[in-house]
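Here is the structure we will look at, set down as structure tokens.
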Amino acid sequence: MEKVGDAHSLYTSITGRFMVKSNFRRNGIGLRIMQALYKQQLLDGIKFDFVDAEAYLVPFFEKLGYQTIDKIDYQMYESSVLMVLDIPNIKHHQQVK
Numbered sequence: 531m532e533k534v535g536d537a538h539s540l541y542t543s544i545t546g547r548f549m550v551k552s553n554f555r556r557n558g559i560g561l562r563i564m565q566a567l568y569k570q571q572l573l574d575g576i577k578f579d580f581v582d583a584e585a586y587l588v589p590f591f592e593k594l595g596y597q598t599i600d601k602i603d604y605q606m607y608e609s610s611v612l613m614v615l616d617i618p619n620i621k622h623h624q625q626v627k
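Sequential numbering from 531 applies to the sequence shown in this note's numbering.
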């Protein structure tokens, strides 16, 4: 992720570890949380959201419109995948309702 002038901090957000307790999974709560986040990002004028996802969550984030940038190999933790969402992208608007 490169900084482009002063725009980097004004128009980007970083979503940290996204977790849903196991007994609450597979009922749509993760999707609803991400939809609420997306709506807030639109209101705040955010253009890009970055997420550091565990490999098994990549399909979930891809369904939301995120794209893989790179794989990150942490020395002390499991590897993860750096992903980005182009928030103003109309394709994403159609996917997340």
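No residue lacks a Cβ here, since even glycine has one placed at the ideal position from N, Cα and C.
These figures come from a predicted structure and were not determined experimentally.
In the DSSP assignment, Glu-584 falls within the beta strand (DSSP E) that extends over 578-584. Within the same chain, and ignoring the five residues on either side of Asp-603 in sequence, the residues whose Cβ sits closer than 7 Å to its Cβ are Ser-609. The alpha carbon of Arg-547 has as its nearest neighbour, out of Pro-618, Ile-617, Phe-591, the alpha carbon of Phe-591.
For Val-550, there is no enclosing alpha helix (DSSP H), as DSSP marks it with neither H nor E. The DSSP-derived three-state label of Ile-617 is coil. A straight line joining the alpha-carbon of Ile-563 with that of Met-549 spans about 10 Å. Residues of the same chain with a CB within less than 6 Å of the CB of Thr-542, apart from the 5 flanking positions on each side, are Phe-578 in chain order. Using a Cβ-Cβ distance cut-off of 8 Å, the region 609-618 and the region 581-600 are in contact, since at least three pairs of beta carbons, one from each stretch, lie closer than that value.
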